[in-house]
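A.B. asks: Shown below is the structure under consideration.
Below, the structure is given as structure tokens:
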């Protein structure tokens, strides 16, 4: 407990004393006796505090703030706030009212005197540190200070300030306000390119919150930021699932242009994903979705990847390139567009190899090269990736075949040399076999 527990019988009301002496203090301030007025108020504050009169104590503190504000005694105000907060037996309610009154003053000074506003804000943050009963107010001040630092291009300090707040543990804060602050933490972490921290922060939000009405804006912001992380990590199937969540948002459904954009994004990123069981389920669900019928090109692409025919990159290259050039996400980030285009080519090759595996038990790379229109090294790399991911079961015998062919050539040349030596009349001598070879092949001397 931060304050002394007093019995009601021990509380001494100072209402009459306060009502008498506060006007006198105000008159002293008007007579240019500001220090005398403050001294009188501090003595009165002590009487109220020791007497346990919360209402009177709060009234005196608010009067001190008002006088400092009226006569622009900012240094005196900040010093007084710190001193009052550290007084022995200071009551929670009084500190809370003091903090709230100062926050209002900070907002008023923001446009009039920004420098004093920031200093006062920092002073209140210092006072409220470690006090659970004003944790919500401190969090709001932290958000405000973070925005100020960001506007001054001090991004690292802005991020540090807002990450210092563990708002998910604040019991007295509304969940909507918690979500807003966590989303801001994610945004600033992304600006710092700290993707791991952003991923950790994102887990503090329960996605069931977005099922509530009037949460569309927060939901769109949340999944958009999640997509930034997933795109950086090249987790395209997660990007697809995030876009599916966005598609189920009323605000998206009501907007024709946004709805079509989301459908296109869902198709693009499911096709960019590696093949697995989840991929197969999602792709079939997307094909059966009626809104996809409105976009024939994307419907055709989905059917190609579900079908058992070769797609061939050269056939679809121009069509895909045309779609990628106008897709908003790739227009804003050219490098992302290039990376996704190259990845799409790999997914087409993977699909074609899976199709070949359906019809062939054994095939030469030369034949595969003709079917896929790619070089042997690329085909070998694609097959190796599919085998590693458990999509295919395959063995490549090219290295063994090459070794056997080389051994055949060597033995042919040795026989030819032996025949030539025999024709020249060289005597045939018993070859000297090294001991290591003898042991290897169990040859007797």
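Residue numbers (full-length UniProt numbering): 1 to 445. A virtual CB, placed ideally from N, CA and C, is assigned to each residue, including glycine.
(1) Use the C-beta contact count for residue 321: other C-beta atoms within 10 angstroms, 16 or more gives buried, fewer gives exposed.
(2) Does the beta-carbon distance from residue 56 to residue 15 come in below 9 Å?
(3) Can you list, in chain order, the residues of its chain whose CB lies under 6 Å from that of residue 198, leaving out five sequence neighbours each side?
(4) Go through its chain and collect everything with a Cβ distance to residue 85's Cβ below 8 Å, but skip five positions before and after it.
(5) Measure from the alpha carbon of residue 82 to the alpha carbon of each residue in 249, 209, 40, 129, then state which is nearest.
(6) Measure the alpha-carbon distance for residue 32 versus residue 218 and round it to whole angstroms.
(7) I believe residue 150 touches residue 158 by the beta-carbon criterion, under 8 Å. Please report the beta-carbon distance rounded to the nearest angstrom.
(8) What whole-angstrom Cβ distance do residue 104 and residue 63 have, given they're in contact under 8 Å?
(9) Along the chain, which unbroken stretches of the alpha helix (DSSP H) at least 4 residues long are found entirely within the segment 247-286?
(10) Do three or more CB pairs link the segment 201-213 to the segment 221-236 at distances below 8 Å?
(11) Is it true that the CB of residue 246 sits closer than 9 Å to the CB of residue 252?
(12) Round the Cβ separation of residue 70 and residue 60 to the nearest angstrom and send it over; I've been treating them as touching at under 8 Å.
(13) Would residue 268 pass as a contact of residue 327 if the rule is Cβ separation under 9 Å?
(14) For residue 34, collect the residues of the same chain with a Cβ closer than 7 Å to its Cβ; drop the 5 residues on either side in sequence, then sort them by chain order.
(15) Exposed or buried, which one is residue 257 when buried takes at least 16 other CB atoms within 10 Å?
(16) Nearest to residue 273 by CA position, among 121, 131, 342, 369, is which residue?
(17) Is the beta carbon of residue 517 less than 9 Å from the beta carbon of residue 383?
(18) Please state if the CB of residue 282 and the CB of residue 305 are separated by a distance shorter than 9 Å.
(19) In angstroms with no decimal places, state the Cα-to-Cα distance between residue 276 and residue 309.
(20) Between residue 266 and residue 286, is the Cβ-Cβ spacing less than 9 Å?
(21) Kindly give me the distance between the Cβ atoms of residue 231 and residue 336, rounded to whole angstroms, as I take these residues to be in contact under 8 Å.
(22) Taking Cβ positions, are residue 182 and residue 168 nearer each other than 9 Å?
C.D. replies: The relevant details are as follows:
(1) Locating residue 321 in the chain shown gives position 321, counting from the first residue. So residue 321 counts as exposed.
(2) Indexing the chain shown from 1 puts residue 56 at position 56. Indexing the chain shown from 1 puts residue 15 at position 15. Cβ distance < 9 Å, so residue 56 and residue 15 count as in contact.
(3) Numbered from its first residue, the chain shown carries residue 198 at position 198. Correct list, in chain order: 186, 189, 190, 229.
(4) The count along the chain shown starts at 1 and reaches residue 85 at position 85. Cβ neighbours of residue 85 beyond the five flanking positions: 95, 98, 127.
(5) Counted from its first residue, the chain shown places residue 82 at position 82. For the residues 249, 209, 40, 129, the minimum Cα distance to residue 82 belongs to 129.
(6) As a position in the chain shown, residue 32 is number 32, starting the count at 1. As a position in the chain shown, residue 218 is number 218, starting the count at 1. Approximately 52 Å, taken between the alpha carbons.
(7) Along the chain shown, read from residue 1 onward, the residue named residue 150 stands at position 150. Along the chain shown, read from residue 1 onward, the residue named residue 158 stands at position 158. Contact holds; Cβ gap of about 4 Å.
(8) What you label residue 104 is simply residue 104 of the chain shown in a count that begins at 1. What you label residue 63 is simply residue 63 of the chain shown in a count that begins at 1. With a Cβ gap of about 15 Å, residue 104 and residue 63 do not count as contacting.
(9) 250-253, 256-271
(10) yes
(11) On the chain shown, residue 252 is found 252 positions in, with the first residue counted as 1. On the chain shown, residue 246 is found 246 positions in, with the first residue counted as 1. Result yes, Cβ atoms of residue 252 and residue 246 sit closer than 9 Å.
(12) Residue numbering aside, residue 70 sits at position 70 when the chain shown is read from its first letter. Residue numbering aside, residue 60 sits at position 60 when the chain shown is read from its first letter. Between residue 60 and residue 70 the Cβ distance is about 16 Å, and since that is not below 8 Å, they are no contact.
(13) Along the chain shown, read from residue 1 onward, the residue named residue 268 stands at position 268. Along the chain shown, read from residue 1 onward, the residue named residue 327 stands at position 327. Yes, Cβ-Cβ distance for residue 268 and residue 327 is below 9 Å.
(14) On the chain shown, residue 34 is found 34 positions in, with the first residue counted as 1. Here the set comprises 71, 73.
(15) Looking up residue 257 in the chain shown gives position 257. Under this definition residue 257 is an exposed residue.
(16) For the purposes of this step, residue 273 is identified with residue 273 of the chain shown, where counting begins at 1. With distances taken between Cα atoms, residue 273 lies closest to 342.
(17) As displayed, the chain neither begins before 1 nor continues past 445, which places residue 517 out of reach and without an answer.
(18) Taking the chain shown and counting its residues from 1, one reaches residue 305 at position 305. Taking the chain shown and counting its residues from 1, one reaches residue 282 at position 282. For residue 305 and residue 282, no; Cβs fall outside 9 Å.
(19) Here residue 276 refers to the residue found at position 276 of the chain shown. Here residue 309 refers to the residue found at position 309 of the chain shown. Approximately 18 Å between the Cα atoms of the pair.
(20) Position 266 of the chain shown, counted from the start, is the residue given in the question as residue 266. Position 286 of the chain shown, counted from the start, is the residue given in the question as residue 286. Cβ distance < 9 Å, so residue 266 and residue 286 count as in contact.
(21) In the chain shown, residue 231 corresponds to position 231, counting from 1. In the chain shown, residue 336 corresponds to position 336, counting from 1. 6 Å between Cβ atoms; contact.
(22) Walking along the chain shown from the start, residue 182 turns up at place 182. Walking along the chain shown from the start, residue 168 turns up at place 168. Their beta carbons are under 9 Å apart, which means residue 182 touches residue 168 by this criterion.
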